[in-house]
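Participant: Using our numbering, you'd call the opening residue of the sequence shown number 591 and step up by one each time.
Take a look at this one; I'll ask things after.
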Amino acid sequence: MKKTLFFGLSLLTMLSCATTTKNVDNSIQQSTEPSSTNTTASSYWQQHVAYKMDIDMNVNNYQYKGKQELVYTNNSPDALNKVYYHLYFNAFQPDSQMDVRSRNIKDPSKKIGDRISKLSPSEIGYIKVNTLSQNGTSVQHETVGTILEVTLNTPIQPGESATFSMNFDAQVPVQIRRSGRNSSEGVALSMSQWYPKMAEYDFEGWHTPPYIAREFHGVWGDFDVTLHIDKNYVVGGSGYLQNPQEVGHGYEDKSKPLNLPSGEKLTWNFKAPNVHDFTWAADPEYIHDTFKMDNGIDLHFLYKKTLEAKYLENWKNLQPKTAELMTYFSEHVGQYPYKQYSVIQGGDGGMEYAMSTLITGERSFGSLLGVTSHELAHTWFQFLLATNESLHPWMDEGFTTHISNKAMNKVSGRNAENPQVGSYRHYFGIVANNIEESMSTHADRYNTNAAYSMASYSKGNLFLSQLEYVIGKENVAKGLKKYFTDFSFKHPIPNDIKRSMEKVSGIHLDWYLNEWTQTTHTIDYGIKAVEGNKVTLERIGKMPMPIDVSVTYADGSSEEFNIPLRIMRGQKPTTATVLKDWTWAHPTYTFTTSKTVKSVEIDKSKLMADVKMDNNTFGK
């Protein structure tokens, strides 16, 4: 989730049946059988959805009529007597929770501010459910803000499926946050979170947070979306276009004749298998370029032809670099499983979606490449490893920041020794200002946007960056690949990334997950005393860590030491001299060297997020 809002980062994230593989034109062939996950492999389950939607769009008043058929499969062990849908567009109305929260939070988003409160009836967003039936019989339903509460006539039993048929009317709001019409750059339609979306039900129960500010959680499944829109509009987004010869606009096979219908509208049909959301954008002035990768993946780029020449050039230059980024993420996390990805000018900054992203386009090349890197990386950390962004935003934003910073470091040729330094600075700044909140805080419950952004983007990044210090860089790299192998196409939770890292390293990490993500304990180690060849260290902060120590002797020679933390039950691979482990309860630790000591330094790698580094050296 997202984001050009780097918030100070260096770029200025089965019980009865598993999700099944679908055979759709150009679809993925991806096994989603469970291996190990947040409980045990034998007990893990996840729900499944199959949407079929027909949408008729009026581009003059920005209203549309929708028909939705949704087959919902209950793979849980529970009988469900209610279901819930998200109606996200209802947030864009005066006095909505999004509006009120934005006007009352200490540091409101400049993108929202008080803009929602000023919307007229023709500018608001809404989704009005007119009819809803379960297996052909009408069901009771009530719209409560951004949630549709549905009381079922007949409970959906474990292992059963139910078909919900719905007719709805909707209006696209003025573009304020992510979605909307007529963005600041003139993009007509940025259509994210635009349809009635079934809420997630998992081992924690129903997830029905109101749409206030943050991001999303969705049910894995398949989408079949038919869109009727004025024929001069170019459309891009999630899924695979099924009828390219009937729409053209750069999707057609130029060796075959077009078969365009008469009338004012074109009909677009997209299918998206094995995803948990569907997004599209449309504009009559889009240029549509296709960049074909050697591995068969098509990269689509849609951007306005009215951009200034310098921006048009940037969008052209972006295309081969996006292929490099795609290759980097596939090599360092896991292979991209779909056959297309679309980079589309739209939205209000940058936001990731299934097989696509919406980003603003009037940027320098470095900024354009940076936001594309971040949003593309979210394909792995959210759209393949589908964490609950409301509960654990650091798992998508933080991990995305970590891997996209590394990718940018290579693709842009920066080759910085530590591409994560911006996140360290951001973390230290928030801690120094005493506004840090625990990463276990619900995304919408942070007291400030600043605390949320630091915890999610920067401290989430440092979870992995600092873990390189704890278990070693090679183990973290292997751990990410194992995490992808074990939990892609599922809904991983914090324990799952911890277990992946434990399994590759053999090191116990329950203490690390707890201290870093569930508390605001800080790290502060210091050199208490040096006497001859005796060195005494002290733990001042509440969070314990293993310690790397560099010692220079009076004769000019030097030696590296590693002091494991006892509760790790092991140590990282190292060429340093490994000393006796340090217990958490003991505030000081003394060791004796073979020669007289001249100087000492704690963690010269600076990967440990020590909040007070002026006590980390002696004799320098």
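All C-beta atoms in this analysis are idealised placements derived from N, C-alpha and C, irrespective of residue type, glycine included.
Between the alpha carbons of Y678 and G715, how many angstroms are there, rounded?
Facilitator: Here residue 678 refers to the residue found at position 88 when the sequence shown is read from its first residue. Here residue 715 refers to the residue found at position 125 when the sequence shown is read from its first residue. If you take the alpha carbons of Y678 and G715, they lie about 9 Å apart.
Participant: Could you check whether the stretch 1158–1167 touches the stretch 1025–1041, counting it as contact only if at least three pairs of C-beta atoms, one from each stretch, sit closer than 8 Å?
Facilitator: no
Participant: Taking the alpha-carbon positions, what's the V661 to E750 distance?
Facilitator: Your numbering for residue 661 matches position 71 in the sequence shown. Your numbering for residue 750 matches position 160 in the sequence shown. For V661 and E750, the distance between alpha carbons rounds to 10 Å.
Participant: For A1175, is the classification buried or exposed, using 16 other Cβ atoms within 10 angstroms of its Cβ as the cut-off for buried?
Facilitator: Locating residue 1175 in the sequence shown gives position 585, where the first residue counts as 1. The residue is exposed, with fewer than 16 neighbouring Cβ atoms inside 10 Å.
Participant: Would Y830 and K929 be called neighbours here (beta carbons separated by less than 8 Å)?
Facilitator: Mapped onto the sequence shown, residue 830 falls at position 240. Mapped onto the sequence shown, residue 929 falls at position 339. In contact: Y830 and K929 (Cβ atoms closer than 8 Å).
Participant: Taking the alpha-carbon positions, what's the S1002 to S994 distance?
Facilitator: Numbered from 1 along the sequence shown, position 412 holds the residue referred to as residue 1002. Numbered from 1 along the sequence shown, position 404 holds the residue referred to as residue 994. Cα to Cα, S1002 sits roughly 11 Å from S994.
Participant: Tell me where the beta strand (DSSP E) around P544 begins and ends.
Facilitator: Residue 544 is absent from the structure shown; the chain starts at 591 and stops at 1210.
Participant: Helix, strand or coil for M941, going by three-state DSSP, please let me know.
Facilitator: Reading the sequence shown from its first residue, position 351 is the one you call residue 941. It is a strand residue.
Participant: CA-CA distance, K900 and V639?
Facilitator: Looking up residue 900 in the sequence shown gives position 310. Looking up residue 639 in the sequence shown gives position 49. About 43 Å.
Participant: Is M941 closer than 8 Å to T1241 when the C-beta atoms are compared?
Facilitator: Because the chain is modelled from 591 through 1210, residue 1241 falls outside the range shown and cannot be assessed.
Participant: Taking just the CA atoms, how far does N864 sit from S828?
Facilitator: In the sequence shown, residue 828 corresponds to position 238, counting from 1. In the sequence shown, residue 864 corresponds to position 274, counting from 1. Just so you know, the alpha carbons of S828 and N864 end up roughly 11 Å apart.
Participant: Would S769 and Q783 qualify as a contact pair, given that the criterion is a beta-carbon distance under 8 Å?
Facilitator: Counting from one through the sequence shown, the residue named residue 769 turns up at place 179. Counting from one through the sequence shown, the residue named residue 783 turns up at place 193. Going by C-beta atoms, S769 is nearer than 8 Å to Q783.
Participant: Since D888 is in the beta strand (DSSP E), which residue starts that stretch and which ends it?
Facilitator: Here residue 888 refers to the residue found at position 298 of the sequence shown. Segment D888 to K894, the beta strand (DSSP E) holding D888.
Participant: Can you list, in chain order, the residues of its chain whose CB lies under 6 Å from that of D1171, leaving out five sequence neighbours each side?
Facilitator: Start at 1 with the first residue of the sequence shown, and residue 1171 comes out as number 581. Taken in chain order, the residues that qualify are P1154 and R1156.
Participant: Along the chain, where does the beta strand (DSSP E) containing S780 start, and where does it finish?
Facilitator: Along the sequence shown, read from residue 1 onward, the residue named residue 780 stands at position 190. L779 to M781 is the span of the beta strand (DSSP E), which, as asked, contains S780.
Participant: Three-state secondary structure (DSSP) at D615?
Facilitator: The count along the sequence shown starts at 1 and reaches residue 615 at position 25. Annotation note: pLDDT 42 at D615 (below 50); position unreliable, no value reported.
Participant: Nearest to P1134 by alpha carbon, out of A1033, H890, D1100 and S780?
Facilitator: Translated into the one-based positions of the sequence shown, residue 1134 becomes position 544. If we check each option's Cα against that of P1134, D1100 comes out closest.
Participant: Between which two residues does the beta strand (DSSP E) holding I949 run?
Facilitator: Position 359 of the sequence shown holds residue 949. Run containing I949: S946 to I949, per the beta strand (DSSP E) assignment.
Participant: Let's see if you can read the secondary structure: which residues bound the beta strand (DSSP E) around M756?
Facilitator: Mapped onto the sequence shown, residue 756 falls at position 166. S751 to Q761 is the extent of the beta strand (DSSP E) around M756.
Participant: Which residues in the same chain as V1066 place their Cβ atom closer than 8 Å to its Cβ, once the five residues preceding and following it in sequence are excluded?
Facilitator: Along the sequence shown, read from residue 1 onward, the residue named residue 1066 stands at position 476. Cβ within range, chain order: L1054, L1057, E1058 and M1091.
Participant: Indicate the three-state DSSP secondary structure (helix, strand or coil) for L958 in the structure shown.
Facilitator: Position 368 of the sequence shown, counted from the first residue, corresponds to residue 958. L958 falls in the helix class under three-state DSSP.
Participant: If you count every other CB in all the chains shown that lies within 10 Å of the CB of W796, and 16 or more means buried, which is it?
Facilitator: Here residue 796 corresponds to residue number 206 of the sequence shown, with the count starting at 1. Answer is exposed; the Cβ neighbour count stays below 16.
Participant: Which same chain residues end up closer than 7 Å to T1182 when comparing Cβ atoms and leaving out the 5 residues on each side of it in sequence?
Facilitator: One-based indexing of the sequence shown puts residue 1182 at position 592. Result list for T1182: N1123 and K1124, in chain order.
Participant: By a C-beta neighbour count over all protein chains shown, 10 Å radius and 16 as the cutoff for buried, is P799 buried or exposed?
Facilitator: Residue 799 sits at position 209 when you count from the first residue of the sequence shown. By the 10 Å Cβ count, P799 comes out buried.
Participant: So, helix, strand or coil for G1062, using DSSP?
Facilitator: Counted from its first residue, the sequence shown places residue 1062 at position 472. Looking at G1062 - three-state DSSP - the assignment turns out to be coil, as it is neither helix nor strand.
Participant: With respect to the beta strand (DSSP E) encompassing F679, which residues constitute its N-terminal and C-terminal limits?
Facilitator: Taking the first residue of the sequence shown as 1, we reach residue 679 at position 89. It is not in any beta strand (DSSP E) - F679 carries neither H nor E in the DSSP assignment.
Participant: What residues are listed by DSSP as bridge partners for H731?
Facilitator: Within the sequence shown, numbered from 1, the residue matching residue 731 stands at position 141. For H731, which the question treats as bridged, DSSP gives the partners V740.
Participant: Pull up the distance between the alpha-carbon of L817 and that of W858, whole angstroms please.
Facilitator: Residue numbering aside, residue 817 sits at position 227 when the sequence shown is read from its first letter. Residue numbering aside, residue 858 sits at position 268 when the sequence shown is read from its first letter. Whole-angstrom Cα-Cα distance: 5 Å.
Participant: On a CA-only basis, which of F1079, T1107 and K1063 is nearest S1095? Give me that one, please.
Facilitator: Here residue 1095 refers to the residue found at position 505 when the sequence shown is read from its first residue. Among F1079, T1107 and K1063, the Cα nearest to that of S1095 is on K1063.
Participant: Looking only at DSSP bridge pairs, what is D1200 linked to?
Facilitator: Within the sequence shown, the letter at position 610 stands for residue 1200. Its beta-bridge partners are I1113.
Participant: In the DSSP assignment, what residue or residues form a beta bridge with A872?
Facilitator: Here residue 872 corresponds to residue number 282 of the sequence shown, with the count starting at 1. Within the DSSP secondary-structure output, A872 pairs in a beta bridge with L779 and V825.
Participant: Under 8 Å, do G735 and Q687 count as touching if we go by C-beta distance?
Facilitator: Position 145 of the sequence shown, counted from the start, is the residue given in the question as residue 735. Position 97 of the sequence shown, counted from the start, is the residue given in the question as residue 687. Cβ atoms of G735 and Q687: closer than 8 Å.
Participant: According to the neighbour-count rule (16 or more other Cβ atoms, all chains shown, within 10 Å of its Cβ), is L848 buried or exposed?
Facilitator: Numbered from its first residue, the sequence shown carries residue 848 at position 258. Looking at its Cβ environment, which holds fewer than 16 other Cβ atoms inside 10 Å, L848 is exposed.
Participant: When DSSP labels each residue in this structure, what does T629 get in the three-state scheme?
Facilitator: Counted from its first residue, the sequence shown places residue 629 at position 39. Low per-residue confidence applies at T629: pLDDT is 45, beneath 50, and the placement is therefore not dependable enough to give any value.
Participant: According to DSSP, is D1193 helix, strand or coil?
Facilitator: Position 603 of the sequence shown, counted from the first residue, corresponds to residue 1193. Taken through DSSP and simplified to helix, strand or coil, D1193 comes out as coil.
Participant: Go through its chain and collect everything with a Cβ distance to R804's Cβ below 7 Å, but skip five positions before and after it.
Facilitator: For the purposes of this step, residue 804 is taken as residue 214 along the sequence shown, with counting starting at 1. So the list reads E979, S980, P983, A1033 and D1034, once near-sequence residues are dropped.
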